[in-house]
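Using the working numbering, read the sequence shown as starting at 4 and increasing by one per residue. Every residue, glycine too, gets a C-beta built ideally from N, C-alpha and C.
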Amino acid sequence: MFDGDNRFVLSGEALTGGKHTLELRKTGDAPLYSSVWVTAFTMEEHIPAAGLEVKVARHYWKLTPKEKKVNVASSTGNPLQQRVEAYDRTEIKDGDTVRSGDMIEAELIAESKNDYEYLLIEDMKPAGFETVNVRSGYVGDTLNSYLELHDERASFFLRELPLGKHSLTYRLRAEVPGSFHALPAKVSAMYSPELRGNSDELLVKVEEKK
């Protein structure tokens, strides 16, 4: 039994559509151990959202700076107007165009039907975009998530995900002109991989700044 790899592989055209039956036979009284590993991919252009117990929806917002001032007290206690950072948010739909240099806020809305622990939410950022922040660390949101930044994705590690909807955000900047696919954001339980979901795919176009 150790001479071969004892594998039976079906791939490509050999695995046709429809119902299939896999039958294992043995001789003797010794136990028979088996495992089945199935991988699949889709060639469709737009990957739809999926999920049951946990779901994630992703929204991209274009941030346009705007003038905003708030009243604060000066060192002498007198009222003083102070300029603060503020933006108008415009949602980016599938196929919309932004310009190089535009700041984008990625919003991930996690929805859970129960209380869960140790979950991972990953957003596969489109090529041509870079995160504004370059250092990983705790975000300080209501979920106390830890944001880990990679070349191709942003990963939020959650100690707890209570029942309901929760929002997580981080910022990107459009840099390289072209048409880019933002692959679906994913949510999964670290120790129960069958508990997972994904968002819609999104196509974003970037034009050179004029």
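- Item | Beta-ladder partner(s) of Ile-95, from DSSP | Against the sequence shown, residue 95 aligns to sequence position 92. Tyr-63.
- With a Cβ-Cβ cutoff of 8 Å, do Val-207 and Ile-95 count as a contact? For the purposes of this step, residue 207 is taken as the residue at position 204 of the sequence shown. For the purposes of this step, residue 95 is taken as the residue at position 92 of the sequence shown. In this structure, Val-207 places its C-beta atom within 8 Å of the C-beta atom of Ile-95.
- Task: Specify the secondary structure class of Gly-15 as computed by DSSP and reduced to three states.
- Result: Within the sequence shown, the letter at position 12 stands for residue 15. In the structure shown, Gly-15 sits in a helix (DSSP, three-state: H, G or I).
- Query: What are the boundary residues of the beta strand (DSSP E) that includes Leu-175?
  - Reply: Taking the first residue of the sequence shown as 1, we reach residue 175 at position 172. That run of the beta strand (DSSP E) goes 167–177.
- Can at least three beta-carbon pairs, one atom from the stretch 109–118 and one from the stretch 156–173, be found at a separation below 8 Å? At 8 Å Cβ cutoff, the stretches touch.
- Task: Give me the Cα-Cα distance between Val-142 and Gln-84, rounded to the nearest whole angstrom.
- Result: The count along the sequence shown starts at 1 and reaches residue 142 at position 139. The count along the sequence shown starts at 1 and reaches residue 84 at position 81. Those two C-alpha atoms are separated by around 28 Å.
- Could you say which of Ala-130, Gly-80 and Thr-145 lies nearest to Arg-176 if we only look at CA atoms? Taking the first residue of the sequence shown as 1, we reach residue 176 at position 173. That would be Ala-130, whose Cα lies nearest to the Cα of Arg-176.
- Message: Taking the straight line between their C-alpha atoms, what separation do you get for Val-179 and Val-135?
- Response: Numbered from its first residue, the sequence shown carries residue 179 at position 176. Numbered from its first residue, the sequence shown carries residue 135 at position 132. Roughly 14 Å separates the two Cα atoms.
- Message: With three or more beta-carbon pairs closer than 8 Å as the criterion, would you say the stretch 150–169 touches the stretch 73–93?
- Response: no
- Message: Measuring CB atoms only, is the stretch 57–69 touching the stretch 193–212, in the sense that at least three cross pairs come out at less than 8 Å?
- Response: yes
- Query: Exposed or buried, Lys-189, counting other C-beta atoms within 10 Å across all chains shown (16 or more means buried)?
  - Reply: Residue mapping note: residue 189 aligns to position 186 of the sequence shown, counting from 1. By the 10 Å Cβ count, Lys-189 comes out buried.
- DSSP three-state call for Thr-100: helix, strand or coil? For this step, residue 100 is matched to residue 97 along the sequence shown. Thr-100: strand per DSSP, three-state reduction.
- Item | Bridge-paired residues (DSSP) for Val-87 | Along the sequence shown, read from residue 1 onward, the residue named residue 87 stands at position 84. Answer by DSSP bridge pairing: none, since Val-87 is not bridged.
- Is it true that the CB of Arg-102 sits closer than 8 Å to the CB of Lys-212? Reading the sequence shown from its first residue, position 209 is the one you call residue 212. Reading the sequence shown from its first residue, position 99 is the one you call residue 102. A contact, by the Cβ cut-off of 8 Å.
- Message: Quick check on Asn-117: does DSSP put it in helix, strand or coil?
- Response: Residue 117 sits at position 114 when you count from the first residue of the sequence shown. Coil at Asn-117, not helix or strand.
- Query: Can you name the start and end residues of the beta strand (DSSP E) that Lys-213 belongs to?
  - Reply: Within the sequence shown, numbered from 1, the residue matching residue 213 stands at position 210. Run containing Lys-213: none; DSSP gives neither H nor E here.
- Item | Residues that DSSP places opposite Ala-192 in a beta bridge | By 1-based counting over the sequence shown, the position of residue 192 is 189. For Ala-192, which the question treats as bridged, DSSP gives the partners Leu-122.
- Message: Among the candidates Ile-50, Leu-146, Asn-74 and Leu-150, whose CA atom is the shortest distance from the CA of Val-137?
- Response: Sequence index remark: in the sequence shown, residue 137 carries index 134 (1-based). Val-137 has its Cα closest to that of Leu-150, out of Ile-50, Leu-146, Asn-74 and Leu-150.
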